[in-house]
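Okay, structure first, notes after.
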Amino acid sequence: MRREPHENVATVLVDPALLPDLELELVELDLWVWPVRSAPICADGPRTEFQLRRRLVEAQRGAWDCAAAWVPVWISFGERWVSGDDPLPWAAHRALWDLLDAHADQVRFHRRLGGVRPLVAPVERRPAS
């Protein structure tokens, strides 16, 4: 049996005030931020965002209540980190966890990766001139 194609991502709750700066820091490391609300793999982004945030916050039984209005994002790994079908190197994990730890007051996450359908930015096609 063959596994469906997937992409390894970290699921992170981010304080909206931090999101633009965090995204820039992650891009420098070839790590990509995908807000769940607008992710190309979500048919109903706002609903998926609500459900994911609620599940993450409630699972912590009060410890993450400060993140009840934060933005859930998926963070994926760019080409710098991927080598064919090989697992992600530990250096990729370390780079991500270290950067998130530097913003501990404004992010909530677990040190583990999940799998989602491949995240591909939609390409805007322009009509031929």
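In our numbering, each residue carries its 1-based index in the sequence shown increased by 64. Beta carbons: idealized from backbone N, C-alpha and C, even for Gly. On a predicted model such as this, the values are computed, not experimentally measured, just so you know.
Open item on the list: Measuring CB atoms only, is the stretch 73-84 touching the stretch 128-138, in the sense that at least three cross pairs come out at less than 8 Å?
Closed with: Contact between the stretch 73-84 and the stretch 128-138 is present, because at least three Cβ pairs lie under 8 Å.
Task: Run of the alpha helix (DSSP H) containing E92, from where it starts to where it stops - done: On the sequence shown, position 28 is the one that residue 92 refers to. First-last of the alpha helix (DSSP H) with E92: L83 to E92.
Task: Option nearest A156 by Cα separation, candidates G109, Q115, C106 and R176 - done: The residue given as residue 156 occupies position 92 in the sequence shown. That would be R176, whose Cα lies nearest to the Cα of A156.
Task: Of the residues G179, V171 and F114, the one placed nearest D85, counting alpha carbons only - done: Position 21 of the sequence shown holds residue 85. Closest by alpha carbon: V171.
Task: Residue environment, E143, which counts as buried when at least 16 other CB atoms sit within 10 Å - done: In the sequence shown, residue 143 corresponds to position 79, counting from 1. When all chains shown are included, E143 counts as exposed.
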